[in-house]
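Take a look at the structure below.
2 protein chains.
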Amino acid sequence: MRRLVSALAAALLLAAAPADVVTQVRAWRQQHEKEILRELFDFLSIPNVAADAPNIKRNADALARMFERRRFAPELIAGAGPPLVVAERRLPNTRRTITFYFHYDGQPVNAAEWIYEPPFKPVIVAPHEPQGRTITLETWRDVIDPEWRVYGRSSSDDKSPIVALLSAIEALDAANIPLTSNVRVLMEGEEEAGSPHLESTLHDHADKIRADAVLLVDGPRHASDRPTLNFGARGIMNAVVTVYGPVSDLHSGNYGNWAPNPALQLARLLASMKDDSGRVTIDGFYDDVAPLTAEEKRAIDEIPDVAPTLMKTFGFSRPESADRLELRHNLPTLNINAMDAGGGVAGQGRTIIPATANARLDLRFVKNVDPAKQLERLVAHIRKQGYFIVDKEPDAALRAAHPLIAGVTRVGGYPAGRTSLDAPIARAISKAVADAAGGSIVRLPTIGGSAPFYLFSDVLKVPTIGLSIVNFDNNQHGPNENVRIKNIWEGIESMAAILAMP
Amino acid sequence: MRRLVSALAAALLLAAAPADVVTQVRAWRQQHEKEILRELFDFLSIPNVAADAPNIKRNADALARMFERRRFAPELIAGAGPPLVVAERRLPNTRRTITFYFHYDGQPVNAAEWIYEPPFKPVIVAPHEPQGRTITLETWRDVIDPEWRVYGRSSSDDKSPIVALLSAIEALDAANIPLTSNVRVLMEGEEEAGSPHLESTLHDHADKIRADAVLLVDGPRHASDRPTLNFGARGIMNAVVTVYGPVSDLHSGNYGNWAPNPALQLARLLASMKDDSGRVTIDGFYDDVAPLTAEEKRAIDEIPDVAPTLMKTFGFSRPESADRLELRHNLPTLNINAMDAGGGVAGQGRTIIPATANARLDLRFVKNVDPAKQLERLVAHIRKQGYFIVDKEPDAALRAAHPLIAGVTRVGGYPAGRTSLDAPIARAISKAVADAAGGSIVRLPTIGGSAPFYLFSDVLKVPTIGLSIVNFDNNQHGPNENVRIKNIWEGIESMAAILAMP
């Protein structure tokens, strides 16, 4: 009977009621939890650092097979970098087309820092049981505790979301609930490397990607763990700053407290870039920031304040700024993500004045802030501190002419993007996700992290919305990345709701 | 006839005239250059990083054989660290006993940074010939250019001085020039690791070491390349400062410009430790410094000002301080010799807020400055900047209670020592070396580098003098350490002059 009703609904293009969708999708998932996790485990077992071309190709091939199984027509688009994987499932009589964006590459790994298993050997950890028992596919029990977590690189960022979409479609199909949208999928293999080729690929293949909305499924939920939609993402650029000291390492006794030390110079330079309230002191750094609208401010006001929880979880007692995190996400950033001099402290202990000292900064951008202009501001700031700027190792003449010499190397980068919270598709998706969750959701005008949002919102000019399903405490980008299984289950429901929304 | 005169001189304990000593030693050396270099090459071929116990033992065994050949009675004194090698050649009717100190270990190496051959494959480089031709023992010509350099770890620091002493003794013996001193030799295998066991070994074996003077043969000549004597050495201590940020690396987008960044905090902390004139701003840092005497100031005034040459060689145009280097050597230092955060810039580019940031500082001390007290001043300074000091990774309660948390770990360390320039033995040695060189020498009240000088001057209470023979531009402690062959030849003459002085 249910099958008949569903078939009729499909024929008449009647969208299923949200509560019914959730009930049926959940029932299917409960019957198929092991299969879902097995597919995720297989996928996580394929190493996916963007620079590792052979394994990246294996990931792309695996994706093609996974989508083929759900009646998509997948295609691998080769280019200068990892292949772009696109897939489409075109249905008759749908209301619209939605393109889902994911990335299948992960951040680089240091296996030594992973406490349970190496990063590409996924493992389930039962966090609330004694000794954080680990569970493999072979040893798990019949009942899967939704609080268990799957550890592995890209478990959260961004492979679980892909498996969740596939499961949502399979669940809807099984329940004969009609999809109200054509579904297109676009999967990138170098997002963690800064998406260097996405723009040209989108330009060249816009016909395969264009839609009524783009849904970027990436990043963690808000720390309240409510289903989280976002309407913008920050842009990002890395800049490596090198301060040049003596032409080679010098003995710190023979020449110490006389020869200049680039590590100290770099420390001073970095210290000059931010004040005690977390405000970047580079001239013009905040000049072009687009102010938040009334609705955007309201959305932030509605978000539970999780600062105390976050600070406890992350083990610090004073944030850089007293402003709330979700407001800070709407400002550009300057962050030191790496620093080195003299081979590092963990290495061999040489008593030297190092020849150079380096810092890698990530700059994040918000709507209206131009990356190149922001980099120029950084360079101007360094110049203002007395530095001569070089684009390669300085020669003897430059060294003789300038007491302070620094190089600034830009690595990748792209701007921010933002979609209006008031766009009809934005309202529809917000409602579908909120209804499916049976409660309030979090709407973020801009997420803190970066995704190539602007390419869709500003270049492709399609309303673009981010959906985040994974737990916020997922150690994304660091060692011991994980996803809570409950978040996969709820992610399946959020995506099914969108696929079946009126 | 010469033999007869020498034998008579020995019998009568008549010291040979300085000019005669130099002439005969030089003639012997000119006949034996290849043998001298071959012995050095064999010695440099044995890896000698202090932590490499099997090779350190091979070095000690080689030394025993080398000194045995010159009629010394060598002994290896085993202890907690690398063996101490002592050797004595006791003669009848000598005026005094001189103990020579050397160290046979070298600084850690990174073979990738060595441009000619790996650090433990010695090679001669002809710097003024096209392409800096390299010469091995098999390919060299009959005439050895004294401007050639031997590249290899410890070529300057401190193996050539050992070979020079052995050659000086062999030359005097060959010329039947009587040694006016009993010669004792003391060779340490963990100087570059901070000499952790030297004090106890000297205490336990003082009877084998005590003498009328200790001659520490280590470190480079003054940059004027004049034969260099010093009467003191700075002490040293390493201190690793760790600033604790979030409990694990955080995503710099999700939490950047809100969660505190320990790399920035460390940068601020380091920047707070020195002012623009190179003066350490830590309270009391210079309080206990023993002022220079009139004679010590005169000795410094007599030294050629080599600052412009040094700055050109080392490729910088503004020293930390306008004071001359030799004056700076009589002040305590604070130097950043290594720094790291987020795995370093050269590594994998993760966009994170690193969990910790680290700096390794070397502190050097001069006469009267107590290492433990100086470390306390550093810790007090860090505390004054608002930090809570921990001696291990902070727990959740400490993290919740303190916004700024740092650890300070002391690594090794010993104080400075200094001998009066007016001591009779100091005058005698100064005269012998100056006469042999036929001109002026450099006398440094304190060298910039560190050696366990105080153990001899202050603990053993023996007048202690440093003799430096190697070229100043030897890349000591860094990659591509080298010694100019001319410096070995002149070092042989300086040491022979001391051994034969009245």
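So the sequence lines, in the order shown, correspond to chains C and E.
Here this note's numbering is used: the first residue of the first sequence is 1, the next is one more, and so on.
Here this note's numbering is used: the first residue of the second sequence is 1001, the next is one more, and so on.
C-beta: ideal position from N, C-alpha, C; glycine also.
Identify the continuous beta strand (DSSP E) that holds residue 78 (chain C) and give its terminal residues.
Where residue 78 (chain C) is concerned, there is no enclosing beta strand (DSSP E), given that its DSSP letter is neither H nor E.
Cβ atoms of residue 179 (chain C) and residue 186 (chain C): under 8 angstroms apart, would you say?
no
Exposed or buried, residue 1012 (chain E), counting other C-beta atoms within 10 Å across all chains shown (16 or more means buried)?
For residue 1012 (chain E), the pLDDT reaches just 48, beneath the cut-off of 50, and the residue's location in the model is therefore unreliable, although a value from the coordinates is still provided. Under this definition residue 1012 (chain E) is an exposed residue.
Compare the C-alpha of residue 18 (chain C) against each of C:320, C:338, C:346, C:435 and name the closest.
C:435
Runs of alpha helix (DSSP H) lying entirely within the segment 140-195 of chain C, each at least 4 residues, in chain order:
160-174
Determine the direct distance from the alpha carbon of residue 386 (chain C) to that of residue 281 (chain C), and round the result to whole angstroms.
16 angstroms
Three-state secondary structure (DSSP) of residue 392 (chain C):
coil
What does residue 1203 (chain E) touch in chain C if you count any residue whose Cβ is under 8 angstroms from its own?
Result: empty, since nearest Cβ-Cβ is about 25 angstroms, beyond 8 angstroms.
Can the beta-carbon of residue 219 (chain C) be found less than 8 angstroms from the beta-carbon of residue 451 (chain C)?
yes
Can you find a CB in chain C that lies within less than 8 angstroms of the CB of residue 1461 (chain E)?
no
Report yes or no: is there a C-beta of chain E within less than 8 angstroms of the C-beta of residue 383 (chain C)?
no
I want to know whether the segment 249-257 of chain C touches the segment 364-380 of chain C - three or more CB-CB distances under 8 angstroms.
no
One or two residues paired with residue 357 (chain C) in a DSSP bridge:
C:243, C:341
Any C-beta of chain C under 8 angstroms from that of residue 1367 (chain E):
no
Relative to the C-alpha of residue 45 (chain C), which candidate in C:491, C:472, C:150 has its C-alpha closest?
C:150
Determine, using beta carbons only, whether residue 1040 (chain E) and residue 1159 (chain E) come nearer to each other than 8 angstroms.
yes
Which class does residue 1008 (chain E) belong to by DSSP, given the choice of helix, strand or coil?
Because the pLDDT at residue 1008 (chain E) is just 47, under 50, the model does not fix this residue reliably, and the value given afterwards should be weighed accordingly. Residue 1008 (chain E): helix per DSSP, three-state reduction.
Residues of the segment 331-343 of chain C in Cβ contact with chain E at a cutoff of 9 angstroms, in chain order, please.
331, 332, 333, 334, 335, 336, 337, 338, 339, 340, 341, 342, 343
Run the CB neighbour count on residue 1287 (chain E), radius 10 Å, all protein chains shown included, and call it buried at 16 or more, exposed below.
exposed
Beta carbon of residue 945 (chain E), beta carbon of residue 337 (chain C): below 8 angstroms?
Outside the displayed range of chain E (1001 to 1502) lies residue 945 (chain E), so it cannot be described from this structure.
In whole angstroms, what is the alpha-carbon distance linking residue 488 (chain C) and residue 482 (chain C)?
11 angstroms
Report all residues from its chain with a CB closer than 6 angstroms to the CB of residue 484 (chain C); omit the five preceding and five following residues, and keep chain order.
149, 471
Candidates E:1319, E:1066, E:1202, E:1406, of which the one nearest residue 1453 (chain E) by Cα
E:1202
Given that residue 388 (chain C) touches chain E, what residues does it touch there, using C-beta distances under 8 angstroms?
By Cβ distance, chain E contributes nothing, its closest Cβ being about 10 angstroms from residue 388 (chain C), past 8 angstroms.
C-beta neighbour in chain E for residue 321 (chain C), strict 8 angstroms
yes
Whose CA, out of E:1309, E:1238, E:1304, lies closest to the CA of residue 1359 (chain E)?
E:1238
Are residue 405 (chain C) and residue 215 (chain C) touching if we call contact CB-CB under 8 angstroms?
no
Interface flag, residue 93 (chain C) vs chain E, CB-CB below 8 angstroms:
no
Of all the CB atoms in chain C, is at least one closer than 8 angstroms to the CB of residue 1031 (chain E)?
no
Compare the C-beta of residue 297 (chain C) with all C-beta atoms of chain E and state if any pair is closer than 8 angstroms.
no
I'd like the list of long-range same chain contacts for residue 486 (chain C), defined as Cβ closer than 7 angstroms, with 5 residues on each side in sequence excluded.
146, 147
So the candidates are C:83, C:274, C:298; which of them puts its Cα closest to the Cα of residue 334 (chain C)?
C:274
Can you find a C-beta in chain E that's less than 8 angstroms from the C-beta of residue 140 (chain C)?
no
Sort out for me which residues DSSP pairs residue 1321 (chain E) with in a bridge.
According to DSSP, which records beta bridges pairwise, residue 1321 (chain E) is partnered with nothing at all.
CB contact check: residue 314 (chain C) to chain E, cutoff 8 angstroms:
yes
Between residue 1198 (chain E) and chain C, is any beta-carbon pair separated by less than 8 angstroms?
no
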